[in-house]
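Right, one structure below, let's go through it.
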Amino acid sequence: MSRVKEILGEDPETFFAEKRYEYITKILSRVLKGAKPLTLTDLLDKVLLNRYIGIPVFLTFWWILFRFTFDVSAPLSDLIDTFFGWLGEASRSMIADEQLASFIADGVFGGLGGVLVFLPPIFFLFFGLSLLEDSGYLARAAFVVDKVMYKLGLHGKSFIPMLIGFGCNIPGVMATRTIDSEKDRILTILVNPLMSCSARLPVYLLIGGAVLGPYAAAGTYAMYVLGIALAVGMALLFRRTIPYFRGRPSPFILELPMYSRPKVRDTLIHMWERGSLFLRKAGTIILAGIIVVWILSSYPWGAPIEESYLGILGRFLEPIFRPLGFDWRGAVALFFGFIAKEIVVGSFAVIFGLGEESEIEEIQRVIR
């Protein structure tokens, strides 16, 4: 293969693909008569695939997607927060046993409600991604970023697995099977966990809301961009420092589909398939983790939270996380985040009882 590459002066795969399309074009020129009409797809591609404005357009679409996600989902998130707050107060008034009432109100409704308020932005994020995918733009986005990714050491086909990683890193890793080159495939697998999956979105929203306030959408968008930058940076570092990965990625050839109008039914189905994973996770792993946090924070019963089992665990972990600026409460939340990232938010909800203004100010101080 290296001998063939030396003779041709370029990658054999690219060379033969070009010759194949030249042959097809030559046959078509003989059998087709008349001028080819300029289609809507051709007009849009002149703008969206332009070498100068293609990437700015791509980043603009992402920014619009995040603004749409935040602005539309905010009222629904407030409604869910109010509903779970009402459930907590109602359970306290109906259950006579103090411990059971605290378990239902603070442990179940308080912790789970603190996580489910992020369900609307997750669903709307997947709704927007489904619109872009069904319209045919996402395939073009892979084509637009291919040149940049090639220079940074990633294969053009890496874009799709990394994009899937925004939903969940596990199927993102599985999607790398479409990459033919073993080196490119392994490199994509290594950097895919740096893509911000939907499990991190609640944490980003919590940090953005506490630290940036009205600029939370911009902060969350910046965190996603930072994850992408770290992924391509690590890929470039691996290419230059690890002998196995040295060399250029293999050529990227992609057949672009026609633009099409997304069907609302199909878009809603795709949104539900992806978003329901978070919902099922909230009812199993996240709920179990939140209950564990409540038990540890409530016993010995009646003791201050600093003297509870959770406080003891937090003080044990605090020296590890203190250089990062976290006290024992932040250390505990991060510790349980190893089980599921969303439990970080649920842990803060249990520890601080999110709702009172003084408690919200306290959690802002801890995060900052």
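Heads up, the numbering used here is the position in the sequence shown plus 2, with the first residue counted as 1.
Where a beta carbon is used, it is the ideal one built from N, C-alpha and C, also for glycine.
Apply the 10 Å Cβ neighbour rule to residue i and answer buried if 16 or more other Cβ atoms are within range, or exposed otherwise.
i, result
"residue 88", "exposed"
"residue 249", "exposed"
"residue 153", "exposed"
"residue 318", "exposed"
"residue 181", "buried"
"residue 322", "exposed"
"residue 151", "buried"
"residue 217", "exposed"
"residue 21", "exposed"
"residue 359", "Only weak support exists for where residue 359 lies, its pLDDT of 44 falling under 50; the coordinates are left without a value."
"residue 262", "exposed"
"residue 159", "buried"
"residue 340", "exposed"
"residue 126", "buried"
"residue 48", "exposed"
"residue 120", "buried"
"residue 130", "buried"
"residue 353", "buried"
"residue 80", "exposed"
"residue 223", "buried"
"residue 106", "buried"
"residue 265", "exposed"
"residue 305", "exposed"
"residue 338", "buried"
"residue 326", "exposed"
"residue 25", "exposed"
"residue 285", "exposed"
"residue 96", "exposed"
Determine the closest residue to residue i out of the options, with distance taken between C-alpha atoms.
i, options, result
"residue 45", "18, 260, 310, 288", "260"
"residue 192", "32, 155, 221", "155"
"residue 99", "331, 303, 325", "303"
"residue 332", "240, 230, 295", "295"
"residue 257", "179, 55, 110, 140", "140"
"residue 201", "308, 108, 172, 27", "172"
"residue 203", "17, 28, 343, 245", "343"
"residue 269", "301, 135, 84", "135"
"residue 118", "298, 279, 311", "279"
"residue 94", "86, 29, 104", "104"
"residue 145", "34, 53, 32", "53"
"residue 157", "183, 174, 142", "183"
"residue 227", "197, 243, 74", "197"
"residue 207", "73, 27, 165, 33", "73"
"residue 170", "297, 275, 63", "275"
Can you look up residue i in the DSSP assignment and give me helix, strand or coil?
i, result
"residue 343", "coil"
"residue 257", "coil"
"residue 262", "coil"
"residue 303", "coil"
"residue 97", "coil"
"residue 372", "Here the chain comprises residues numbered 3 to 370, so residue 372 is not present and cannot be evaluated."
"residue 197", "coil"
"residue 358", "Note that residue 358 scores a pLDDT of 46, beneath 50, so its modelled location is shaky and nothing firm can be said."
"residue 223", "helix"
"residue 246", "helix"
"residue 310", "coil"
"residue 291", "helix"
"residue 119", "coil"
"residue 272", "helix"
"residue 57", "helix"
"residue 319", "helix"
"residue 155", "coil"
"residue 51", "coil"
"residue 183", "coil"
"residue 41", "coil"
Answer yes or no: do residue i and residue j have a C-beta to C-beta separation smaller than 7 Å?
i, j, result
"residue 334", "residue 316", "yes"
"residue 128", "residue 291", "no"
"residue 147", "residue 161", "yes"
"residue 273", "residue 132", "yes"
"residue 163", "residue 178", "yes"
"residue 71", "residue 14", "no"
"residue 351", "residue 109", "no"
"residue 221", "residue 210", "yes"
"residue 59", "residue 67", "no"
"residue 247", "residue 185", "yes"
"residue 138", "residue 112", "no"
"residue 233", "residue 189", "no"
"residue 102", "residue 289", "no"
"residue 299", "residue 293", "no"
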